[in-house]
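Residue numbers (UniProt numbering): 1 to 530.
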């Protein structure tokens with residue numbers, strides 16, 4: 001759950017009254033190097049719409065006049081206007097220009113922090129320069145060194161005031177803080193910041209140089225909070241540490257800290273704010289990467305699921321095709337084969353009559369045609385459904401079946417290396433292996449002009465999955481630079497392998513065609529098969 005930022009009323013008088021109250025509350029904290037009301041003015045002008053600035057500046061002038069009257073200072077309107085009015089007006093004019101150039105009240109990224117800090121330096125320098133000009137115009141300084149010291153004190157105090165107040169205002173008014181992050185911030189404050197302040201008090205009670213060492217040591221929690229909670233933690237820790245150091249000095253009656261101590265505080269605070277912003281940006285980047293990884297993981301799982309579905313569909317189509325081939329082969333064998341046998345029987349019975357009629361050549365021609373039809377039918381049946389695969393089993397069908405007859409008839413040497421148990425494979429995979437070898441051998445006979453054909457088959461099991469590695473090669477002319485369109489050849493083999501979830505690789509050998517195929521069986525290794 002995220003906590004919403006504080007909502008300011010869209011009313012000039014209400015904003016002016018609240019600003020007046022905050023100005024009066026912060027005024028007692030003013031020290032030579034410590035000007036929190038200046039930071040309040042910068043933050044208010046940065047965060048509040050321009051149409052309400054008149055109420056803010058009026059409330060500040062009223063507060064300043066009231067404090068001057070309460071302290072019994074002579075209130076000359078001309079002198080008051082010269083002392084108090086130019087600085088707010090210069091800051092308002094500068095921030096109006098910077099906001100026109102897209103200066104946003106945001107510390108979301110290191111770039112935005114850098115842009116805001118550069119604007120702070122610009123504004124502090126501008127207001128200090130105006131004060132220096134008025135100081136030289138109204139009063140003649142006793143010495144240039146004194147004037148430089150006063151201006152340096154003002155420059156440092158204004159920068160520290162903005163550094164301590166503005167990030168807190170941005171956090172409260174412009175950012176959403178998660179409830180869990182707030183709880184963690186409070187818990188770390190109790191566990192880290194409270195002991196740190198206690199150590200600061202104990203060390204500050206000792207003689208020098210322990211107090212100076214305590215000031216440096218007190219910045220360690222600021223770095224911890226910057227790493228742990230980003231720029232929000234760094235700004236809060238910086239403010240608490242700075243207030244703690246000031247209160248300890250006042251409580252123990254120590255001399256005010258030197259300009260060097262406050263300069264160190266300004267530099268450390270700037271570095272902590274930059275470090276916290278960079279930590280936030282890195283954490284957001286890590287979160288985005290984690291979200292992208294989760295999304296990509298879901299996409300990959302979906303792609304895997306779709307791939308499985310496509311493979312299942314392709315396997316189903318392959319099974320349907322094989323079933324149709326089996327059915328067609330049975331029909332051709334039963335109908336056409338029996339009819340050819342019947343014709344041959346009738347011709348044989350009629351041979352005596354044909355011989356008597358002097359037409360022996362007709363019976364011979366008919367028998368020749370029928371023999372040719374029977375051989376063609378056997379080849380067609382073997383293409384549709386290799387009966388030798390059912391009769392001999394995979395290994396014997398590859399080694400002794402029609403493939404060897406085809407290659408030997410073409411004058412090609414046929415070398416086989418067959419290893420493993422085909423019973424590990426399912427029927428679809430065994431059929432696919434035979435078809436792949438058959439297609440590759442047919443291509444070698446038709447197109448390769450090869451003298452030998454080599455087949456290596458290894459069947460095994462790895463991690464409970466049956467695998468078959470098929471290596472096919474010939475020593476022919478190889479593939480043409482451009483494969484002809486319309487041929488099924490290699491593409492048909494590749495599609496068959498893909499449908500079974502296998503891998504098909506055409507290896508670029510210098511001679512002939514070399515195919516290497518990996519098939520994974522969906523069969524349980526305990527299933528039987530030939």
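Ideal Cβ positions, reconstructed from N, Cα and C, are used throughout, including at glycine.
As the structure is a computational prediction, the values presented were derived from the model and not from experiment.
Check: Could you tell me which whole alpha helix (DSSP H) segments of length 4 or greater appear in the stretch 101-158?; Outcome: 110-138
Check: Could you please give the first and the last residue of the uninterrupted beta strand (DSSP E) stretch that includes residue 439?; Outcome: Segment 427-443 is the alpha helix (DSSP H) holding residue 439; no beta strand (DSSP E) there.
Check: Based on the DSSP secondary-structure assignment, which residues constitute the bridge partners of residue 471?; Outcome: 456 and 516
Check: With DSSP collapsed to three states, give me the class of residue 227.; Outcome: helix
Check: Taking Cβ positions, are residue 473 and residue 514 nearer each other than 8 Å?; Outcome: yes
Check: Residue 55 and residue 12: beta carbons closer than 8 Å?; Outcome: yes
Check: Take residue 517 and list the residues in its own chain whose beta-carbon comes closer than 6 Å to its own, dropping the five residues that flank it on each side.; Outcome: 470, 497 and 504
Check: Just the Cα atoms here: how many angstroms apart are residue 302 and residue 342?; Outcome: 58 Å
Check: Is it a yes or a no for the stretch 176-193 touching the stretch 106-114, going by three-plus beta-carbon pairs under 8 Å?; Outcome: no
Check: Restricting to Cα atoms, I'd like to know which of 50, 81 and 49 is closest to residue 64.; Outcome: 81
Check: Within the continuous alpha helix (DSSP H) that includes residue 42, where are the two ends?; Outcome: 36-47
Check: Grouping DSSP H, G and I as helix and E and B as strand, with all else coil, what is residue 410?; Outcome: coil
Check: Given 7 Å as the limit, tell me if residue 512 has its C-beta closer than that to any heavy atom belonging to the ligand SAM.; Outcome: Absence of the ligand SAM from the depicted structure is noted, as is the absence of any ligand whatsoever, leaving it without description.
Check: Considering Cα atoms alone, identify which of 60, 83 and 99 is closest to residue 47.; Outcome: 99
Check: Hey, how far is the Cα of residue 8 from the Cα of residue 15?; Outcome: 8 Å
Check: Cα separation between residue 18 and residue 188?; Outcome: 31 Å
Check: Using only CA atoms, which one of 491, 506, 522 and 480 lies nearest to residue 467?; Outcome: 522
Check: With DSSP run on the structure shown, which of helix, strand or coil describes residue 298?; Outcome: helix
Check: Within a Cβ cutoff of 8 Å, which residues of the same chain sit near residue 226, ignoring the five residues on either side of it in sequence?; Outcome: 233, 234, 237, 272, 273, 275, 276 and 279
Check: Measure the C-alpha to C-alpha separation of residue 262 and residue 33 and round it to an integer number of angstroms.; Outcome: 7 Å
Check: Going by DSSP, what residue range makes up the alpha helix (DSSP H) through residue 506?; Outcome: Run containing residue 506: none in the alpha helix (DSSP H); it sits in the beta strand (DSSP E), 503-507.
Check: What are the boundary residues of the alpha helix (DSSP H) that residue 26 is part of?; Outcome: 12-26
Check: With distances taken Cα to Cα, identify the nearest neighbour of residue 552 among 492, 375 and 270.; Outcome: Any property of residue 552 remains undetermined from this structure, which presents the chain solely from 1 to 530.
Check: Could you check if residue 101 is buried or exposed, using at least 16 other CB atoms within 10 Å of its CB as the buried criterion?; Outcome: exposed
Check: Report yes if the C-beta distance between residue 377 and residue 457 is below 8 Å; otherwise report no.; Outcome: no
Check: In angstroms with no decimal places, state the Cα-to-Cα distance between residue 164 and residue 291.; Outcome: 35 Å
Check: Check residue 466 in the structure and name its three-state DSSP category.; Outcome: strand
Check: Go through its chain and collect everything with a Cβ distance to residue 24's Cβ below 7 Å, but skip five positions before and after it.; Outcome: 63
Check: Looking only at its own chain, which residues have a Cβ that is under 7 Å from the Cβ of residue 460, when we skip the five neighbours before and after it?; Outcome: 420 and 467
Check: What's the gap between the Cα of residue 308 and the Cα of residue 319?; Outcome: 16 Å
Check: Among 129, 104 and 128, whose alpha-carbon lies nearest the alpha-carbon of residue 117?; Outcome: 104
Check: Using the DSSP secondary-structure output, state which residues sit across from residue 419 in a beta bridge.; Outcome: 458
Check: Which of the three DSSP states is assigned to residue 449 in this structure?; Outcome: coil
Check: What's the C-alpha gap between residue 465 and residue 520?; Outcome: 7 Å
Check: Please classify residue 295 as buried or exposed, where buried requires at least 16 neighbouring CB atoms within 10 angstroms.; Outcome: exposed
Check: Any idea what DSSP makes of residue 31, helix, strand or coil?; Outcome: strand
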